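Okay, so the sequence shown: first residue is 19 according to our numbering, each after it adds one. Ideal Cβ positions, reconstructed from N, Cα and C, are used throughout, including at glycine. Note that the structure is predicted; figures quoted are calculated from it, not measured. The structure appears right after this line, and notes come after that.
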Amino acid sequence: MLGKLIRWSIDNHFFVLVSAALLLIAGAITAIRMPVDVFPDLTAPTVTVLTEAHGMAPEEVETLVTFPVETAVNGATGVRRVRSSTSQGISIVWVEFDWGTDIFRARQIVNEKLQLVASGLPEGVGAPVLAPISSIMGEIMLIAVTGTGAVPDTDVRSVADWTIRRRLLAVPGVAQVIPLGGDVKQYQVLVSPALLAAFDVSLQDVLQAAEGSNVNASGGVFMERGQEYLIRGTGRVQDLDDIAQTVVAVRGATPITIGDVADVRIGAATRLGEGSANAERAVILTVQKQPDTNTLELTDRIDQELSDIQSTLPTDIQINRSIFRQANFIETAVDNVLEALRDGAILVVVILFIFLWSARTTFISVLAIPLSLITSVLALKLLNITINTMTLGGMAIAIGALVDDAVIVVENVFRRLRENQHRPPEERRPVHEVAYGASKEILASIVIATLIIMVVFLPLFFLSGVEGRMLQPLGLAYIVSILASLIVALTVTPALSTYLLPRSKAMQTDEESWVARTLKRSYATTLGRVVRHPWPVMAG
Numbered sequence: 019m020l021g022k023l024i025r026w027s028i029d030n031h032f033f034v035l036v037s038a039a040l041l042l043i044a045g046a047i048t049a050i051r052m053p054v055d056v057f058p059d060l061t062a063p064t065v066t067v068l069t070e071a072h073g074m075a076p077e078e079v080e081t082l083v084t085f086p087v088e089t090a091v092n093g094a095t096g097v098r099r100v101r102s103s104t105s106q107g108i109s110i111v112w113v114e115f116d117w118g119t120d121i122f123r124a125r126q127i128v129n130e131k132l133q134l135v136a137s138g139l140p141e142g143v144g145a146p147v148l149a150p151i152s153s154i155m156g157e158i159m160l161i162a163v164t165g166t167g168a169v170p171d172t173d174v175r176s177v178a179d180w181t182i183r184r185r186l187l188a189v190p191g192v193a194q195v196i197p198l199g200g201d202v203k204q205y206q207v208l209v210s211p212a213l214l215a216a217f218d219v220s221l222q223d224v225l226q227a228a229e230g231s232n233v234n235a236s237g238g239v240f241m242e243r244g245q246e247y248l249i250r251g252t253g254r255v256q257d258l259d260d261i262a263q264t265v266v267a268v269r270g271a272t273p274i275t276i277g278d279v280a281d282v283r284i285g286a287a288t289r290l291g292e293g294s295a296n297a298e299r300a301v302i303l304t305v306q307k308q309p310d311t312n313t314l315e316l317t318d319r320i321d322q323e324l325s326d327i328q329s330t331l332p333t334d335i336q337i338n339r340s341i342f343r344q345a346n347f348i349e350t351a352v353d354n355v356l357e358a359l360r361d362g363a364i365l366v367v368v369i370l371f372i373f374l375w376s377a378r379t380t381f382i383s384v385l386a387i388p389l390s391l392i393t394s395v396l397a398l399k400l401l402n403i404t405i406n407t408m409t410l411g412g413m414a415i416a417i418g419a420l421v422d423d424a425v426i427v428v429e430n431v432f433r434r435l436r437e438n439q440h441r442p443p444e445e446r447r448p449v450h451e452v453a454y455g456a457s458k459e460i461l462a463s464i465v466i467a468t469l470i471i472m473v474v475f476l477p478l479f480f481l482s483g484v485e486g487r488m489l490q491p492l493g494l495a496y497i498v499s500i501l502a503s504l505i506v507a508l509t510v511t512p513a514l515s516t517y518l519l520p521r522s523k524a525m526q527t528d529e530e531s532w533v534a535r536t537l538k539r540s541y542a543t544t545l546g547r548v549v550r551h552p553w554p555v556m557a558g
């Protein structure tokens with residue numbers, strides 16, 4: 019079968035070479051557009067369930083909220099592990115599914131289970147909600163928002179919450195933006211117990227008045243001369259005076275307002291965290307990406323959005339986007355591996371030229387490197403695997419072996435063509451026949467050698483868990499590259515050899531490169547000694 023492939027490639031060498039060129043172009047375009055990350059996705063499909071229980075102690079939350087949620091989701095289809103964390107007023111449950119489970123199906127399964135739990139939770143506990151889809155590698159950026167001069171911390175936090183965060187959430191690919199630090203702005207009603215007693219008003223009266231006044235009510239519609247008018251009661255609070263003028267009770271003909279019994283002001287909520295940048299207080303925004311999003315492209319979109327936001331902010335509020343950028347790590351890691359690929363390819367070219375001493379044979383052999391790597395990239399694309407340090411590492415490891423099969427084929431074809439060239443004209447065979455015979459002559463050797471090399475990396479595919487997710491892309495990239503190099507050696511190399519080698523000037527001489535001659539003389543001397551005295555060598 020492989021012999022027929024070689025025959026077909028030689029007989030249709032023009033088609034084979036054009037296909038190889040198109041493969042290089044398509045692969046290069048695909049490689050540019052593929053997602054790039056530091057590591058493969060190491061996160062099992064995980065659904066995060068958040069439940070708020072304000073005012074409850076951790077022990078109560080654990081017993082009344084976390085445990086029922088865990089129990090409900092633990093028996094769901096495909097669930098392999100359930101973890102939880104409980105603190106004052108909050109319950110977080112992580113539901114991990116088997117590898118390969120569709121994350122949207124997993125969220126649907128968890129959501130169905132939560133519908134059964136919600137009705138049994140204590141009064142005052144919020145309904146369980148699903149956190150946005152993310153992963154352990156999803157934190158791609160930390161952004162610091164700082165204020166200079168006399169800018170209050172509440173203003174900085176308000177800008178971060180209501181301007182920057184909301185606009186970043188609208189960027190395609192952003193899963194969540196979490197703020198930390200600064201003072202959250204509050205409209206505070208500080209009730210005086212003495213004034214409550216003086217006006218004979220309870221704290222519950224003040225609470226009900228504040229809640230009831232901060233609403234807009236609908237009064238239906240009014241029809242007049244064919245026109246429909248909407249009747250609305252606008253009561254939503256706009257400023258501090260609206261709160262202060264809210265009536266709590268009426269004593270005689272005198273209304274008692276919130277301002278009569280309390281101090282109404284703007285203040286800061288109790289801090290639950292602190293943020294700083296460059297030894298200055300700041301609001302830190304953590305940006306998390308959605309799975310399968312290109313980190314580099316998303317970072318560029320975020321940078322553009324932040325530049326637009328900065329142009330609209332006051333000059334005394336600054337955005338610092340260089341606190342942490344995963345894109346920098348990705349670019350550095352990928353550049354390092356690409357440099358290794360480049361240096362390895364250059365070294366291979368130099369060594370091949372020194373030994374083969376022919377530009378044409380070197381070119382034919384080296385062509386296996388880009389064709390094999392491009393084929394590996396296309397395979398990664400089909401398998402939905404990103405370009406990362408592990409896949410690039412697999413290609414870098416294979417870089418030296420990619421030319422092995424091609425070198426063997428082209429060297430044998432070159433040798434047989436040169437022998438054919440030095441025969442009498444009447445005994446010379448057609449170039450196609452010589453190339454086919456030379457390629458088939460070493461077919462079994464290169465196939466067996468290539469398969470043995472590939473088998474070495476097969477154990478990586480039996481690893482499970484995080485180890486498997488980390489190392490399998492490396493093994494896949496290596497095996498696909500090596501397999502592609504074998505296919506190139508059986509198709510492109512013979513086809514190109516029949517086109518380039520017969521016209522080579524080196525075909526007119528029997529002389530090899532000086533390096534090859536020197537090595538052969540040294541080897542012949544050593545081999546002669548070994549043959550004459552085999553026992554010392556075998557004993558050693």
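**Study point:** Rounded straight-line distance, which links the Cα of Phe-381 to that of Ala-44
**Key:** When rounded, the separation of the alpha-carbon atoms in Ala-44 and Phe-381 is 21 Å.
Practice item. Would you kindly report the start and end of the unbroken beta strand (DSSP E) that includes Val-87? Key: Element bounds for Val-87: not the beta strand (DSSP E) but the alpha helix (DSSP H), 85 to 92.
Review point. So which of Leu-213, Ala-267 and Leu-198 has the shortest CA-CA distance to Gly-291?
Key: Leu-198
Exercise for review: Report the partner residues of Phe-240 according to the DSSP bridge assignment.
Suggested key: Looking at the DSSP assignment, Phe-240 forms a beta bridge with Tyr-247.
Point to revise | Buried or exposed by the 16-neighbour rule on C-beta atoms within 10 Å, applied to Glu-459 | key: exposed
Review point. On the premise that Arg-175 lies in contact with Val-202, defined as a C-beta separation below 8 Å, what is that separation, rounded to the nearest angstrom?
Key: 6 Å
Check your understanding: Going by the CB atoms, is the gap between Ala-162 and Ala-295 shorter than 8 Å?
Key -> yes
Point to revise | Endpoints, the alpha helix (DSSP H) within which Pro-552 is located | key: 552 to 557
Check your understanding: Which residues does DSSP pair with Thr-69 in a beta bridge?
Key -> The partner list for Thr-69 (beta bridge, DSSP) reads Ser-109.
Point to revise | Nearest neighbour of Arg-269, chosen from Ile-261, Asp-278 and Ala-262 [CA to CA] | key: Asp-278
Check your understanding: Under the DSSP definition of a beta bridge, which residues are partnered with Phe-115?
Key -> Per DSSP, Val-97.
Check your understanding: Which whole-angstrom value describes the C-beta separation of Ile-302 and Leu-160, a residue pair presumed to lie in contact below a C-beta threshold of 8 Å?
Key -> 6 Å
Check your understanding: Cβ atoms of Val-147 and Val-87: under 8 Å apart, would you say?
Key -> no
Exercise for review: Using three-state DSSP, classify Met-74 as helix, strand or coil.
Suggested key: coil
Check your understanding: Counting Cβ pairs closer than 8 Å, one from the stretch 330 to 344 and one from the stretch 229 to 244, do we hit at least three?
Key -> no
Point to revise | Expected contact under 8 Å - CB spacing of Thr-181 and Ile-327 to nearest Å | key: Between Thr-181 and Ile-327 a beta carbon distance of about 7 Å is seen, short of the 8 Å cut, so the two are scored as contacting.
Point to revise | Entirely enclosed alpha helix (DSSP H) segments - the stretch 247 to 298, minimum 4 residues | key: 258 to 262 and 276 to 279
Check your understanding: Excluding sequence positions up to five away, which residues of its chain have a Cβ less than 8 Å from the Cβ of Leu-481?
Key -> Leu-489 and Gln-490
Review point. Under the rule that 16 or more other beta-carbon atoms within 10 Å means buried, what is Ile-464, buried or exposed?
Key: buried
Check your understanding: In whole angstroms, what is the alpha-carbon distance linking Val-305 and Asp-318?
Key -> 13 Å
Check your understanding: Which two residues bound the contiguous alpha helix (DSSP H) that contains Phe-342?
Key -> No alpha helix (DSSP H) contains Phe-342, which is instead part of the beta strand (DSSP E) from 335 to 343.
**Study point:** Three-state class that DSSP yields for Val-143 in the structure shown
**Key:** If DSSP states are grouped into helix, strand and coil, Val-143 belongs with coil.
Practice item. Answer with buried or exposed for Pro-240, where buried requires no fewer than 16 other C-beta atoms within 10 angstroms of its C-beta. Key: The sequence shown places Phe at residue 240, not Pro. It is exposed - the Cβ of Phe-240 has fewer than 16 other Cβ atoms within 10 Å.
Review point. What does DSSP give as the partner residues of Ser-103 in its beta bridges?
Key: Ile-110
Exercise for review: Starting from Gly-412, follow the alpha helix (DSSP H) in both directions and report where the run begins and ends.
Suggested key: 407 to 416
Review point. Rounded to a whole number of angstroms, what is the C-alpha to C-alpha distance between Gly-167 and Glu-298?
Key: One Cα belongs to Gly-167, the other to Glu-298, and the distance between them is close to 12 Å.
Exercise for review: Along the alpha helix (DSSP H) that carries Val-163, what are the first and last residues, could you check?
Suggested key: Per DSSP, Val-163 belongs to no alpha helix (DSSP H); it is in the beta strand (DSSP E), 157 to 165.
Exercise for review: Using the Cα positions of Arg-25 and Tyr-454, report the straight-line distance between them to the nearest angstrom.
Suggested key: 6 Å
Point to revise | Residues of its chain near Ser-251, where Cβ-Cβ distance is below 7 Å and the 5 sequence neighbours each way are ignored | key: Looking at the sequence provided, one finds Gly at residue 251 rather than Ser. Annotation for Gly-251: Asn-234, Ala-235 and Gly-237 place their beta carbon closer than 7 Å to its own, counting only its chain and skipping 5 residues before and after.
Review point. Do you know offhand how far Arg-51's Cα is from Val-498's?
Key: 20 Å
Review point. Taking buried to mean at least 16 other C-beta atoms within 10 Å of its own C-beta, is Met-74 buried or exposed?
Key: So Met-74 counts as buried.
Check your understanding: By the 10 Å Cβ neighbour count, where 16 or more other Cβ atoms means buried, how is Glu-27 classified, buried or exposed?
Key -> The question names Glu, but residue 27 in the sequence shown is Ser. By the neighbour-count rule (16 or more Cβ atoms within 10 Å), Ser-27 is buried.
Practice item. Scan the stretch 396 to 479 and note each continuous alpha helix (DSSP H) run of 4 residues or more that stays entirely inside, going in chain order. Key: DSSP runs (the alpha helix (DSSP H)) wholly in the stretch 396 to 479: 407 to 416, 422 to 439, 449 to 459 and 461 to 474.
Review point. Should Ile-320 go down as buried or exposed, given a rule of 16 or more other Cβ atoms within 10 Å for buried?
Key: For Ile-320, the number of other beta carbons within 10 angstroms of its own is at least 16, and it is reported as buried.
Check your understanding: Going by the CB atoms, is the gap between Asp-223 and Val-177 shorter than 8 Å?
Key -> no
**Study point:** Which residues DSSP lists as bridging Tyr-205, in chain order
**Key:** Ile-284
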